[in-house]
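Here the structure is laid out as structure tokens; the discussion comes afterwards.
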Ligand SMILES: Nc1ncnc2c1ncn2[C@@H]1O[C@H](COP(=O)(O)OP(=O)(O)OP(=O)(O)O)[C@@H](O)[C@H]1O
Ligand SMILES: [Mg+2]
């Protein structure tokens, strides 16, 4: 083994230009592999962040109960039942589940909420709003309201309301002024504009408003219970499993973000597949490159391989010499390409923090270890054919030359 | 046939090709080589000298006949056994030196020992140096094959053939590529080693002067020894 290694190195060192070119080619292939991994992975992170960044990963709601249907047993009777639309499916005993849901591993934030519709009134102007009651301090647990505040503070009190900037403009109100909130339950409350946000999403900026949970309880006559619980996870890819677990442990209806975004998931999968195809071709190029270079070397070294066999080198020894060359090229080329890739990709900012228009590259998803492993395996695989052909060199046919 | 012969060859047949295209090179050849022999193998071009040496060197399988060396039946041995046997008991010197071009003289000489043990041992290096001194190349130990003259290369090849102290060295026209002076030096060396170490030599050659230096001459005509 040691001696086979020595000969392998000597062969590689004998033609430094060729070995250098080969290593460069392998390293470039690995670079493409790593680059594609980081780009496809980064794109996924970026797209998911853009889509999922401001929505909950898992939403827990009360299981929707269909109204009981009483059908007359008189034949020929046709019954049409409409599911209640205004009925509020409140999580009556949600408070009991909250600690359990919050304690599940992988949970980043839990926001118990009461949601409902109503009107915001200021003098003669009236605007419909979708109101969300959140615990003070959890305003930004799901969507980053605090970070998109253009005026005021994110601290909700029982007498303040935070509204979208467009909504405020429609009503002609500004920070610190008083508005009247009337819920669809008919309950009214006077509230001070405590903050204005601008998320850049028109439907939210013109329709959404936030109040404290206790204010929402009064407005929607819900002294206990919740409308829903919104959850952020540390790893949004775990949302499906997490939702299933909550459903199993609480009996509540838990919905993962993926359920409403099947197209995004499909698109990401298709993107990952085409990325894998390109990576596969990069690996294939490496394998073919290594195989052809080593095969060329076996032809060139035919006579000396024959002489080695005559001097008592076994076929296995010759195989080993060439496999070791392949392994060395794969390993060194792989490490060099991965290192190069790491250096080139590291300066890119994380794709979940970049603004639109930048290159979404996620260096964490470069799959460096996998790239090195696959390249080394590929190069060893590539050396099998030349190794076999070398080990079959007939000493007699080359010695006579 | 004596029981203590180094090599015993009996009715050796070698045919290349089949049917009408068949070339019958060896036609029932008998040969015996005692230990420490110094024999020249003579014969016209195409008479089968190289073919015989290849078979004796276990590099080629005969089409028929018997071949034993050191009491071992080498016809029925497996490829792996033959590789091992060659390594320990047979040395080769060819018309072309066939040195490993990326290795220096010493590394070339110790190849047969290193490939057997899997590494280059200090003992092997010591013997390699001694052999290079023996062939008059102690000042060329670090030289690569490309940095040596034709005669020097052939002397390195001889040192390599002797590395594992084989009982038999097969030399196929070892001086065929050398000028007269170098050829004489190489031949002198072979005779000397034969005398001092008792290594048997079978040397194929067209050169009667070389043959005269040997203890006996084996002549091949029409696939047989006459
Ligand atoms: N692989 C082969 N296939 C077919 N014929 C072969 C093969 N090898 C050798 N021969 C034939 O066998 C015969 C003997 O060849 P060989 O090389 O043994 O002769 P030789 O005595 O060494 O000749 P020379 O003195 O020219 O070296 C030749 O006629 C040659 O054509
Ligand atoms: Mg010949």
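Residue numbers (the numbering used here), protein chains in the order written: chain A, 60 to 460; chain B, 2 to 227.
Each residue gets a CB set at the ideal place from its N, CA and C atoms; glycine is no exception.
Values in this document were obtained by computation on a predicted structure and should not be read as measured data.
query, result
"Since I believe residue 66 of chain A is in contact with residue 380 of chain A (beta carbons under 8 Å), could you give me their beta-carbon distance rounded to a whole number of angstroms?", "5 Å"
"Rounded to a whole number of angstroms, what is the C-alpha to C-alpha distance between residue 454 of chain A and residue 21 of chain B?", "27 Å"
"Select from B/5, B/95, B/113, B/52 the residue whose C-alpha is nearest the C-alpha of residue 221 of chain B.", "B/52"
"Between residue 99 of chain B and chain A, is any beta-carbon pair separated by less than 8 Å?", "yes"
"Measure the alpha-carbon distance for residue 186 of chain B versus residue 135 of chain B and round it to whole angstroms.", "12 Å"
"How about residue 173 of chain B: is its Cβ closer than 7 Å to a heavy atom in ligand 2?", "yes"
"Let me confirm a value: residue 332 of chain A is counted as buried when at least 16 other C-beta atoms fall within 10 Å, else exposed. Which label applies?", "exposed"
"Using the Cβ count rule (16 or more neighbours within 10 Å means buried), how would you classify residue 75 of chain A?", "exposed"
"Would a C-beta distance cut-off of 8 Å place residue 168 of chain A and residue 285 of chain A closer than the cut-off?", "no"
"Less than 8 Å between the CB atoms is what I'm expecting for residue 142 of chain B and residue 105 of chain B, so what's the real figure, rounded?", "7 Å"
"Can you check which of these residues, A/349, A/116, A/299, A/370, is closest to residue 88 of chain B by C-alpha distance?", "A/370"
"Distance, Cα to Cα, residue 49 of chain B vs residue 339 of chain A?", "54 Å"
"Using 8 Å as the limit for Cβ to Cβ distance, is residue 16 of chain B near chain A?", "no"
"Helix, strand or coil for residue 151 of chain B per DSSP?", "helix"
"Exposed or buried, what is residue 122 of chain B when buried is set at 16 or more other beta-carbons lying within 10 Å of its beta-carbon?", "exposed"
"By the 10 Å Cβ neighbour count, where 16 or more other Cβ atoms means buried, how is residue 47 of chain B classified, buried or exposed?", "exposed"
"Roughly how many angstroms separate the alpha carbons of residue 144 of chain A and residue 101 of chain A, rounded to a whole number?", "Residue placement at residue 144 of chain A is poorly supported in this model, since its pLDDT is 48, which falls under 50; the coordinates are not used for a value here."
"At the level of alpha carbons, what is the spacing between residue 121 of chain A and residue 215 of chain A?", "26 Å"
"Any C-beta of chain A within less than 7 Å: which residues of the region 125 to 136 of chain B qualify?", "none"
"Any heavy atom of ligand 1 inside 7 Å of the beta-carbon of residue 79 of chain B?", "no"
"Where does residue 258 of chain A fall in DSSP's three states?", "coil"
"Chain B beta carbons: is any one of them nearer than 8 Å to that of residue 454 of chain A?", "yes"
"Taking C-alpha atoms, which residue in A/80, A/78, A/234, A/87 lies nearest to residue 401 of chain A?", "A/87"
"When you compare only the Cα positions, how much space is there between residue 301 of chain A and residue 429 of chain A?", "28 Å"
"Which residues neighbour ligand 1 when neighbourhood means a C-beta less than 5 Å away from any of its non-hydrogen atoms? List them by chain order.", "B/17, B/24, B/26, B/46, B/47, B/48, B/49, B/50, B/51, B/52"
"Only counting the same chain, and skipping five residues up and downstream in sequence, which positions put a Cβ closer than 6 Å to that of residue 105 of chain A?", "410, 419"
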